[in-house]
DNA sequence: GTGAAAGCGCTAACAA
DNA sequence: TTGTTAGCGCTTTCAC
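Residue numbers (the working numbering), protein chains in the order written: chain A, 1 to 333; chain B, 334 to 666.
This is the structure:
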């Protein structure tokens, strides 16, 4: 910075003012300094900024890059943070790198707040961290527990899937669950409630799963073995939906002619043309924006009551759903 | 740090020595200071460290989190950096956030080196950045151009795929390319060379593609329309291989009975049980380790000649390949 | 083995 | 509108 200052023939303070768009410099001076800085390839030293500023403006974002849905949220986090004058510091969680390590690193960067994307931990863990930083959970969050939360409305998502199927004429709608995977419990609950609301509670059928294609295949075999009368399956996840469809195909059951399938997450997978799966989509960009706003609110009002922001999902209708054909069971067709 | 020092009844310098495992303190003192620091929840301020140290020890890693293969490399980068005493700073590239922006941020963090994962740019771009930082390219790198490179041996990978197929008895092996996608040009070249080496150069057949499932489906239609006599397809990518297989299935062509297919990348997709695709796998962990070693070498020897490290791929045989059945073309079977 | 002191590059409060 | 100045929290050299 000293180089820029002397090259431009001004003080370092003025360079600082110009570089961070702070008020207190004439337009002509701004241009002059900026041109000089550009010519010298100057870029402010983030470390020095963070060290000196009262607030670091850093927001740590913890996520698992293996999960595409979390990646989408993180991608949307950058513009959202920009808009609020924050800087995103990424903390990747991997098999070799546990959470505490990642949090420690973000604390080292003096993050003012932490955004936890789709991360489940015992309540005690959140309490412990919350003592040191503002904390916002986002994404597939099971339940708010005193900590700020931004989540999709799982109830509405499941509802939308069920409604789409009933409008097509389905009544016997099975549910392929996700065990203790993020969001799964909420979705299962919403399924039961939804079926009750539609007056078809006696057709409730829950298949165990875990968001993998293997569990989808297993569910398919279970449906076939039980000569299920289900005409549609609502899956808690796209991968399990695809596994189900693939296994059914091996046994000659066609989707959507013989069975309709709705996935969940509207992932890249669902959009692939050869899959083309009707799926309940969450809105990663909206989740990211709301998360950053929650961070801002929490920083401004440390003592405010817990936030619970809910983002609307939307159903993407593709070609894995159709009206049911007239017959009694999958194997008697 | 001052808190820890006074709580432990020592000087701040001593705390510093203990916290960064530097020589110059007794074992008993180390324990004492560490316990005190732990009790106070102390974590060194990274900004202050970077600011004060002559070398930041930061290594910027630029990648696209949308590409699972790049994510795997990045994940392996953490332990590799640890081992060499470096700190990873992640720079995510997204649709909304261009490369220059990301590089700028990493420069702001005073990274000593940049690792570019699977990123293609004009040579001029590399030259420009290389003036400011050490630069290492890793992953699907088309060709070394004076800049340090760590890459998979595409030639050997393609060779392994071809050899596997010829050992099964295939001769008419088509290639589904990847256009200008990373690594695709190398793979196409290796395919032609490999076919020549196997003495079946007159059976060379290259289908255009772009690493999507759509291009795989298009290739399948092309094979069928041309009444291709190919008994096997080597794809430059897993997604295109899967698209090909799915489209073939729609036309009653079974894999591997009617046609064998080898993918490339050994991605999560290939490993899914319902896909179970034979695929040429790259070794992300080895790439990451070599990349960090290249960084270290470049930092230690700024004037050394360009590095070109090559990592061996390996073929994962699954159930999409088998011996060819006796017939002339896909549609005459 | 330990402590005192200087200063990394920047920001913010204030003085000119 | 511009310049001066005092640290932010740490590492490092040097004296003890």
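In this text, a Cβ means the ideal position worked out from N, Cα and C, and glycines have one as well.
Does the separation of the CB atoms of residue i and residue j fall below 8 angstroms?
i                      : j                      : result
residue 239 of chain A : residue 213 of chain A : yes
residue 466 of chain B : residue 449 of chain B : no
residue 278 of chain A : residue 262 of chain A : yes
residue 541 of chain B : residue 47 of chain A  : no
residue 562 of chain B : residue 505 of chain B : yes
residue 498 of chain B : residue 565 of chain B : yes
residue 288 of chain A : residue 76 of chain A  : yes
residue 60 of chain A  : residue 89 of chain A  : yes
residue 387 of chain B : residue 352 of chain B : no
residue 414 of chain B : residue 420 of chain B : yes
residue 657 of chain B : residue 503 of chain B : yes
residue 280 of chain A : residue 178 of chain A : no
residue 630 of chain B : residue 619 of chain B : no
residue 13 of chain A  : residue 36 of chain A  : no
residue 201 of chain A : residue 247 of chain A : no
residue 403 of chain B : residue 451 of chain B : yes
residue 58 of chain A  : residue 97 of chain A  : no
residue 486 of chain B : residue 643 of chain B : yes
If we ignore side chains and look at the alpha-carbon of each, how far apart do residue i and residue j end up?
i                      : j                      : result
residue 543 of chain B : residue 180 of chain A : 37 angstroms
residue 440 of chain B : residue 316 of chain A : 41 angstroms
residue 147 of chain A : residue 553 of chain B : 52 angstroms
residue 424 of chain B : residue 435 of chain B : 6 angstroms
residue 198 of chain A : residue 159 of chain A : 10 angstroms
residue 623 of chain B : residue 616 of chain B : 11 angstroms
residue 333 of chain A : residue 582 of chain B : For residue 333 of chain A, the predicted model reports a pLDDT of 47, less than 50, meaning its position is unreliable; a value from the coordinates is still stated below. Answer to the nearest angstrom: the Cα atoms are 22 angstroms apart.
residue 28 of chain A  : residue 462 of chain B : 30 angstroms
residue 223 of chain A : residue 373 of chain B : 57 angstroms
residue 306 of chain A : residue 608 of chain B : 44 angstroms
residue 478 of chain B : residue 455 of chain B : 10 angstroms
residue 56 of chain A  : residue 634 of chain B : 35 angstroms
residue 385 of chain B : residue 521 of chain B : 50 angstroms
residue 588 of chain B : residue 270 of chain A : 23 angstroms
residue 72 of chain A  : residue 63 of chain A  : 11 angstroms
residue 367 of chain B : residue 49 of chain A  : 28 angstroms
residue 653 of chain B : residue 74 of chain A  : 35 angstroms
residue 32 of chain A  : residue 22 of chain A  : 15 angstroms
residue 30 of chain A  : residue 17 of chain A  : 9 angstroms
Report the option in the options whose CA atom is closest to the CA atom of residue i.
i                      : options                       : result
residue 632 of chain B : B:378, B:403, B:446 and B:558 : B:446
residue 458 of chain B : B:499, B:433, B:473 and B:442 : B:433
residue 68 of chain A  : A:204, A:175, A:140 and A:218 : A:140
residue 265 of chain A : A:296, A:312 and A:56         : A:312
residue 367 of chain A : A:303, A:22, A:64 and A:235   : One cannot answer for residue 367 of chain A here, as it falls past the ends of chain A, which runs 1 to 333.
residue 453 of chain B : B:343, B:444, B:471 and B:404 : B:471
residue 322 of chain A : A:186, A:194 and A:167        : A:167
residue 155 of chain A : A:149, A:3 and A:183          : A:183
residue 42 of chain A  : A:70, A:10, A:21 and A:4      : A:4
residue 226 of chain A : A:206, A:241, A:243 and A:242 : A:206
residue 237 of chain A : A:203, A:186, A:253 and A:194 : A:186
residue 548 of chain B : B:523, B:528 and B:578        : B:578
residue 151 of chain A : A:72, A:319, A:308 and A:320  : A:308
residue 260 of chain A : A:174, A:190 and A:292        : A:174
Item to check | Under 7 angstroms (Cβ pairs) to chain A, residues found in the stretch 568 to 596 of chain B | outcome: 576, 579 and 580
Checklist entry - Taking Cβ-Cβ distances below 7 angstroms as the criterion, which residues of the stretch 102 to 113 of chain A are in contact with chain B? => result 104, 107, 108, 109 and 110
Item to check | Complete alpha helix (DSSP H) runs within the stretch 594 to 640 of chain B (minimum length 4 residues, chain order) | outcome: 601 to 604 and 617 to 633
Checklist entry - In chain order, which alpha helix (DSSP H) runs of at least 4 residues are fully inside the stretch 118 to 198 of chain A? => result 123 to 130, 154 to 168 and 184 to 197
Checklist entry - Hey, which unbroken runs of the beta strand (DSSP E) at 3 residues or more fall wholly within the stretch 25 to 103 of chain A? => result 58 to 63 and 87 to 92
Item to check | Residues, ordered as in the chain, of the stretch 541 to 564 of chain B that lie near chain A by beta-carbon distance below 9 angstroms | outcome: 545, 546, 547, 549 and 550
Checklist entry - What residues in the stretch 378 to 391 of chain B have a beta carbon less than 7 angstroms from any beta carbon of chain A? => result 378, 379, 380, 381, 383 and 384
Item to check | Interface residues of the stretch 272 to 293 of chain A facing chain B [CB-CB below 7 angstroms] | outcome: 272, 273 and 274
Checklist entry - What are the residues of the stretch 418 to 434 of chain B that lie near chain A, defined by any Cβ-Cβ distance shorter than 7 angstroms? => result 423, 425, 427, 429 and 430
Checklist entry - In the stretch 623 to 650 of chain B, which residues sit with their C-beta less than 9 angstroms from some C-beta in chain A, listed in chain order? => result none
Next on the checklist: To test your reading of the DSSP string, which unbroken beta strand (DSSP E) runs of 3 or more residues are found completely within the stretch 552 to 578 of chain B?
Outcome noted: 565 to 568
Checklist entry - What residues in the stretch 143 to 169 of chain A bring their beta carbon closer than 8 angstroms to a beta carbon of chain B? => result none
Checklist entry - In chain order, what residues of the stretch 117 to 146 of chain A put their CB closer than 9 angstroms to some CB of chain B? => result 131 and 132
Checklist entry - Relative to chain B, which residues along the stretch 23 to 38 of chain A have a C-beta separation below 8 angstroms, given in chain order? => result none
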